[in-house]
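S.K.: Residue numbers (our numbering): 452 to 485.
By construction, the Cβ of each residue, glycine as well, lies at the ideal position given by its N, Cα and C atoms.
Below is the structure I would like to discuss, written out as structure tokens.
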Amino acid sequence: IHKRLIDITRSTSQTMEALEKLDVPAGVDIEIKT
């Protein structure tokens, strides 16, 4: 299993909205922690 972690500090509501709208391929999971 390969994992990539992206840590975004000081995100804005616009950043969170953009991440939620990402179109990712099947098998790719996005987990957003606030």
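By Cβ distance, which residues of its chain are closer than 7 Å to valine 475, with the 5 residues on each side in sequence left out?
M.R.: Once the five neighbours on either side are set aside, the close Cβ partners of valine 475 are Ile481.
S.K.: Could you name the residues of the same chain whose beta carbon sits closer than 8 Å to that of threonine 466, not counting the 5 residues immediately before and after it, in chain order?
M.R.: So the list reads Ile459, once near-sequence residues are dropped.
S.K.: Please report the Cβ distance between leucine 473 and isoleucine 483, rounded to the nearest whole angstrom; I am assuming they are in contact, meaning their Cβ atoms lie under 8 Å.
M.R.: Rounded, the Cβ-Cβ distance is 10 Å, inconsistent with contact.
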